[in-house]
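When you number the sequence shown by my numbering, it's gap-free, plus one each residue, and the end is 658.
We put the CB at the ideal spot given by N, CA and C, even for glycine.
In what follows, a single structure is set out as structure tokens and then discussed.
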Amino acid sequence: MSGRYDSLFRQSIDDPNAFWGAAAEDIHWFKRWDRVLDADAPPFSRWFVGGETNTAYNALDRHVAAGRGGQIALIYDSPVTNMVQRFTYAELLAQVAAFAGALKAQGVGKGDRVILYMPMIPQAVIAMLAVVRLGAIHSVVFGGFAANELATRIDDARPKLIVSASCGIEGQRIIAYKPLLDAAIARAAHKPERCIIFQRPMEKAALTAGRDLDWDEAVAGAAPAECVPVLATDPSYILYTSGTTGIPKGVVRDTGGHLVALRWTMEHLYGLKPGEVWWTASDVGWVVGHSYIVYAPLLYGLTTILYEGKPVGTPDAGAFWRVIAEHGAVSMFTAPTAFRAIRKEDPEGRLMARHDLSKFRALFLAGERCDPNTLEWAEDKLKVPVIDHWWQTETGFPISANCLGIERFSVKPGSATKPVPGWDVQVVDAKAKPVKPGEIGALVMKLPLPPGSLQTLWQNDAGFKKSYMTDYPGFYKTGDAGYIDADGYVFVMSRTDDIINVAGHRLSTGAMEEILANHPDVAECAVIGVADPLKGQLPLGLMVLKAGVSRSSQEIAGEVVQMVRDAIGPVAAFKTALVVERLPKTRSGKILRGTMQKIADGETYRPPATIDDPAILGEIGDRLKGAGYPRKE
Ligand code: COA
Ligand code: AMP
Numbered sequence: 026m027s028g029r030y031d032s033l034f035r036q037s038i039d040d041p042n043a044f045w046g047a048a049a050e051d052i053h054w055f056k057r058w059d060r061v062l063d064a065d066a067p068p069f070s071r072w073f074v075g076g077e078t079n080t081a082y083n084a085l086d087r088h089v090a091a092g093r094g095g096q097i098a099l100i101y102d103s104p105v106t107n108m109v110q111r112f113t114y115a116e117l118l119a120q121v122a123a124f125a126g127a128l129k130a131q132g133v134g135k136g137d138r139v140i141l142y143m144p145m146i147p148q149a150v151i152a153m154l155a156v157v158r159l160g161a162i163h164s165v166v167f168g169g170f171a172a173n174e175l176a177t178r179i180d181d182a183r184p185k186l187i188v189s190a191s192c193g194i195e196g197q198r199i200i201a202y203k204p205l206l207d208a209a210i211a212r213a214a215h216k217p218e219r220c221i222i223f224q225r226p227m228e229k230a231a232l233t234a235g236r237d238l239d240w241d242e243a244v245a246g247a248a249p250a251e252c253v254p255v256l257a258t259d260p261s262y263i264l265y266t267s268g269t270t271g272i273p274k275g276v277v278r279d280t281g282g283h284l285v286a287l288r289w290t291m292e293h294l295y296g297l298k299p300g301e302v303w304w305t306a307s308d309v310g311w312v313v314g315h316s317y318i319v320y321a322p323l324l325y326g327l328t329t330i331l332y333e334g335k336p337v338g339t340p341d342a343g344a345f346w347r348v349i350a351e352h353g354a355v356s357m358f359t360a361p362t363a364f365r366a367i368r369k370e371d372p373e374g375r376l377m378a379r380h381d382l383s384k385f386r387a388l389f390l391a392g393e394r395c396d397p398n399t400l401e402w403a404e405d406k407l408k409v410p411v412i413d414h415w416w417q418t419e420t421g422f423p424i425s426a427n428c429l430g431i432e433r434f435s436v437k438p439g440s441a442t443k444p445v446p447g448w449d450v451q452v453v454d455a456k457a458k459p460v461k462p463g464e465i466g467a468l469v470m471k472l473p474l475p476p477g478s479l480q481t482l483w484q485n486d487a488g489f490k491k492s493y494m495t496d497y498p499g500f501y502k503t504g505d506a507g508y509i510d511a512d513g514y515v516f517v518m519s520r521t522d523d524i525i526n527v528a529g530h531r532l533s534t535g536a537m538e539e540i541l542a543n544h545p546d547v548a549e550c551a552v553i554g555v556a557d558p559l560k561g562q563l564p565l566g567l568m569v570l571k572a573g574v575s576r577s578s579q580e581i582a583g584e585v586v587q588m589v590r591d592a593i594g595p596v597a598a599f600k601t602a603l604v605v606e607r608l609p610k611t612r613s614g615k616i617l618r619g620t621m622q623k624i625a626d627g628e629t630y631r632p633p634a635t636i637d638d639p640a641i642l643g644e645i646g647d648r649l650k651g652a653g654y655p656r657k658e
């Protein structure tokens, strides 16, 4: 309906109390809120103050109470184990209540933190819901992170208990999780009292006596637990994400605002109806997995698919079409990199023809900029709307999208369409002054932020203010740069900091530089994100060796690659480090990372006026060319 978006968007900005107050009627409250929005202490915004609710109640119990217990809530589809398992809402509720009972028996209660280090198995979803059922706070750590990253999160969140599994499966490989967990606990200063380990049949883990409990035994000995009402403003989870240093930021999500915003998006943004089948191909360790594999679809009464596999290789590039057809998914959400991987293996889309995709209505992409080629390929092959939408761990739900449930706009390739109601997106210059339509600047959001967006950083209000709220007073800084055109379409072009996006995974090059700099032979270094036809970006290390080092460059490069893998994890995909004679710098000594990145990508560049020695750029150009940059498809 023409004009519906404009009117809803305006109401969300001009009268957020009325807009979100109405959306909150779709959530079950044990006690109604006193106030919708409390923005009295900016830059903080608190939603549904005084209200009491419970996330698990809204995701499970209320559907069962309404007579929908027989509907499938969760489909676990695992090509790597040849398993498909279905859980009705009633079955999932029973398993969540049972595991919540096990956690409660170990002393977990309201406000306690529980870290989950889990592969993509139903027990990951069950554990998340069980934690919030008790009013405790989970922090899921992505399985592709190394022990060191897990240790950092253990020390920051100080969990009472950790839930993990014996192993994950990556394609054909079994990745033992328990040794990583043990190494992380050994390294961390904070020691959890208990670990509960889910033993997978393909690899059993040795349990540490006195600390570790077997999942099945823990459940067998406990009584199911009921939902614990919590305040709407109480945290539901902490999710760590890359910042500009090696220390990750603990994004804190509230409870009431989270429920209201996520449920609203399923209807208005994704345009779904309760009972339909929805699939997000991501990982529960990322925000996309939290919001759109677990919480939003269950809050809205959908059937959600949990997929333990890859877009290619499990077994082939037709895996996505098989899952969509077999389970009757009407829409799916993934990262553009997954579609680039499929296109590379099956450019004509031949494998698609083997599957009945007639129920499939729309494809949603996010996590990185969607290049127009991938968008057009997906549109051409699937013949359904392909929606690029922009968001961040911090925002919890999309900032900018083509809201199919409100009003469908025509797609402009390269744009994430228009701001989602609730987000007053603006483009500003360095002085926080709005720029003209079409001009590039910093993408910011005017405060207050909508419900479900980050509340603060875990026990670090000062870090929250400094990271997001200080550079542009009155606005939230996204860290992204881009423009809004004359039609109001948002184009997200690049980051303004050292964050890169590798296969839709957010990583900090600064964190990698810290690791390289620790190698005894490295005098100075830079890590830049270079364009990659499959993963969007890949990190590339450039190192100057200390005078007198005579060992082979290849050997040293191999060592730093291993150091990054050991410290951050395989997910960093740091595979290349080059030794160079010198690094280009400004006269004040700032390394020109942006200029090197343009050289590596074969883009035109203008050396800054403050460059110390322009001749170094030629040297770097030759070195990169010799190493095969720019990378082409
Ligand atoms: N546990 C342990 N290791 C993991 C892991 C996990 N949960 N997830 C990834 N890894 C490892 C991989 O095995 C790989 O290790 P390797 O260097 O030993 O091969 C490394 O981390 C990089 O993984 P990934 O980025 O997934 O690359 P890939 O080459 O295995 O697959 C794609 C490439 C494009 C197929 C894959 O990235 C993909 O499916 N992306 C989908 C997008 C997505 O899920 N985005 C999340 C945000 S929406
Ligand atoms: P994460 O917090 O891991 O979800 O990563 C968030 C970052 O990914 C954003 O700040 C952007 O830099 C990038 N991003 C996510 N979605 C998009 C998109 N649709 N277009 C462009 N960049 C995106």
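Can you name the residues that DSSP bridges to residue i?
| i | result |
| --- | --- |
| V469 | Q451 and K502 |
| S103 | M108 |
| L382 | For L382, which the question treats as bridged, DSSP gives no partner whatsoever. |
| V569 | E549 |
| L482 | V276 |
| H163 | V139 and Y262 |
| K443 | A426 |
| D413 | L390 |
| I581 | The partner list for I581 (beta bridge, DSSP) is empty, contrary to what the question assumes. |
| L563 | V555 |
| N526 | R531 |
| I97 | T113 |
Is the beta carbon of residue j closer than 8 Å to that of residue i?
| i | j | result |
| --- | --- | --- |
| A286 | G421 | yes |
| T481 | V277 | yes |
| T362 | A528 | yes |
| D413 | C395 | yes |
| F364 | A306 | no |
| A48 | W289 | yes |
| V105 | M143 | no |
| L284 | M291 | no |
| L479 | G499 | no |
| V312 | T233 | no |
| A127 | A247 | yes |
Between which two residues does the alpha helix (DSSP H) carrying residue i extend?
| i | result |
| --- | --- |
| W58 | No alpha helix (DSSP H) holds W58; DSSP gives it neither H nor E. |
| G643 | A640 to G651 |
| M537 | T534 to A542 |
| A363 | P361 to E370 |
| N427 | Looking at the DSSP string, N427 is not in any alpha helix (DSSP H), and its letter there is neither H nor E. |
| H88 | R87 to A90 |
| V348 | A344 to H352 |
| Y30 | R29 to D39 |
Exposed or buried, which one is residue i when buried takes at least 16 other CB atoms within 10 Å?
| i | result |
| --- | --- |
| A372 | It is worth fixing the name first, because residue 372 is Pro in this sequence and not Ala. The residue is exposed, with fewer than 16 neighbouring Cβ atoms inside 10 Å. |
| D512 | exposed |
| M227 | exposed |
| A602 | buried |
| A342 | buried |
| E242 | exposed |
| E628 | exposed |
| R612 | exposed |
| S27 | exposed |
| T495 | exposed |
| P273 | buried |
| M108 | exposed |
| F7 | Outside the shown range of the chain, which is 26 to 658, sits residue 7, and nothing can be said about it. |
| M518 | exposed |
| D237 | buried |
Would you kindly report the start and end of the unbroken beta strand (DSSP E) that includes residue i?
| i | result |
| --- | --- |
| A190 | L186 to A190 |
| W72 | R71 to V74 |
| F389 | A387 to L390 |
| K549 | Note on residue identity: the sequence assigns Glu, not Lys, to residue 549. Run containing E549: V547 to D557, per the beta strand (DSSP E) assignment. |
| F516 | V515 to R520 |
| N83 | No beta strand (DSSP E) holds N83; DSSP gives it neither H nor E. |
task: Note down, one range per segment and in chain order, each alpha helix (DSSP H) of at least 4 residues found wholly within the stretch 195-273.
output: Restricted to the stretch 195-273, the alpha helix (DSSP H) segments that are unbroken, complete and at least 4 residues in length are 203-212 and 240-245, listed in chain order.
- request: Let me know the alpha helix (DSSP H) ranges lying completely inside the stretch 290-341, each 4 residues or longer, listed in chain order.
  value: DSSP runs (the alpha helix (DSSP H)) wholly in the stretch 290-341: 321-324.
- prompt: Can you list, in chain order, the stretches of the beta strand (DSSP E) that have 3 or more residues and sit fully within the stretch 105-158?
  reply: Counting only runs of 3 or more, we get 108-113 and 138-142.
field: Within the stretch 587-637, ranges of the alpha helix (DSSP H) (whole runs, at least 4 residues)
entry: If we require 4 residues or more, the alpha helix (DSSP H) runs fully inside the stretch 587-637 come out as 618-625.
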